[in-house]
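Every number in my numbering is 3 more than the matching position in the sequence shown, counting from 1. In this text, a Cβ means the ideal position worked out from N, Cα and C, and glycines have one as well. Before any comments, here is the structure.
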Amino acid sequence: MNKSHILSFLCGGLAVLGVTMVSQSSAQSPNHVYELRTYTAPPGKLDALEARFRDHTEAIFKRHGLHAIGYWVPVDNKDNHFIYIVEHKSKEDATKNWAAFQADEEWKKVRAASEANGPLTTKPPESVYMNPTDFSRLK
């Protein structure tokens, strides 16, 4: 599944949530910004990646103001994608909170332990920041 297929897949799901991807200039002063993140796991590593998020990452996110509103895997997940959306107060807060998360000592230990048998992703996550439209259910 390539990036355009993922975005198409997610747009249908995001429409149900009331999220529409728009450019910064066309949004009406949003109360929040949403970040769509897509990870690609190596063959056989998707379950370990999901477990890391379920068992550790989610709690560490909360300490750093990173509010994940949902996690997904595509129905036809031939490319081993793991997708989630994070809600931020602003893009500036996102930058600050991600930096704090990356510097977190517990996160560093969890990541190292979870990758003892090799990395859980094949490349850096793809990230798209989205502003809600004026008619979005999520603001």
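- Its Cα nearest to that of D58, the residue A116 stands out among K92, N134, A116.
- If you look at R40, you'll find it in the beta strand (DSSP E) that goes 36–43.
- Counting along the chain, no alpha helix (DSSP H) covers S130; the unbroken beta strand (DSSP E) around it starts and ends at 129–133.
- Shown here, V76 sits in coil according to DSSP, grouped into three states, outside any helix or strand.
- The C-beta separation of I88 from T41 comes to about 10 Å, leaving the pair out of contact by the 8 Å criterion.
- Looking from the CA of H70, the closest CA among H91, F104, P77, D50 belongs to H91.
- One alpha carbon belongs to I72, the other to L141, and they sit about 11 Å apart.
- One Cα belongs to N100, the other to V78, and the distance between them is close to 31 Å.
- By the criterion of a C-beta distance shorter than 7 Å, G68 is surrounded in its chain by D96, N100, once the five residues flanking it on both sides are discounted.
- According to DSSP, residue pairing for I86 in a beta bridge involves T41, W75.
- Here DSSP, grouped into helix, strand and coil, assigns H59 to helix.
- Listed as beta-bridge partners of H70 by DSSP are E90.
- If you look at K112, you'll find it in the alpha helix (DSSP H) that goes 108–117.
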